[in-house]
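Using the numbering used here, read the sequence shown as starting at 4 and increasing by one per residue.
We put the beta carbon where it would ideally sit given N, CA and C, even for glycine.
For reference, the structure discussed in these notes is given below.
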Amino acid sequence: MRTAGVALFGWFVPGGAYLLRRRYLAFAVFCALVCATFAAGIALQGGSAWPQPADLAGLPGPDGLLLRAGAFAKLLAGAPYLLAQAAGPPEPFLAGRLHEAGTSLLTMAGLFNLLALAGAFESEAQ
């Protein structure tokens with residue numbers, strides 16, 4: 004399968020690149036890890052919305068860039084992120100009492116999926 008197709012499938016299905024490489028245990032571990040981390044982030048009221056200009060008002064440039072990078076990292080979770088967006092209107096960027104812990108978990112889920120994708124490609128190259 005072409006590299007772009009593997010990358011797209013690996014992004015959409017958490018750990019999916021391992022599935023296409025026939026590494027079923029790694030797929031199961033990363034799929035469970037990404038989905039559980041994302042679910043915990045949603046349960047802790049993590050914000051999955053993209054920061055709006057009003058949310059970034061008054062922040063210096065690097066802080067706004069970091070907030071956008073964090074929002075992009077959540078998108079890397081793939082299908083769990085898309086399901087959360089389709090489930091209802093996104094909450095405000097900083098919503099909820101536990102938004103910091105939940106948002107951190109949502110970001111970690113996306114980065115875990117990126118790690119799985121990189122690991123699958125690295126193991127194929129060896």
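Proximity to Phe15 across Gly105, Asn116, Leu36 and Leu69 peaks at Asn116, based on C-alpha coordinates. A buried status is given to Leu22, since no fewer than 16 other beta-carbon atoms sit within 10 Å of its beta-carbon. Contact between Gly18 and Ala29 is confirmed by a C-beta separation of about 7 Å, below the 8 Å threshold.
The C-beta separation of Gly113 from Leu79 comes to about 3 Å, placing the pair in contact by the 8 Å criterion.
In this structure, the CA atom of Ala57 is about 16 Å from the CA atom of Pro65. Judged by their CB atoms, Gly105 and Gln48 are nearer to each other than the 7 Å cut-off. Close CB contacts of Thr40 within its chain, under the 7 Å cut and outside five residues either way in sequence, are with Leu108, Met111, Ala112 and Phe115 (chain order). Shortest Cα-Cα distance from Trp53 to any of Ala35, Val32, Gln88 and Ala82 involves Gln88. Taken in chain order, the unbroken stretches of alpha helix (DSSP H) that lie wholly in the stretch 46 to 110 and span 4 residues or more are 56 to 59, 64 to 78 and 82 to 90.
Around the beta carbon of Pro63, fewer than 16 other beta carbons lie within 10 angstroms, which makes this residue exposed. Taking 7 Å as the cut-off, the Cβ atoms of Ala31 and Ala123 do not count as close.
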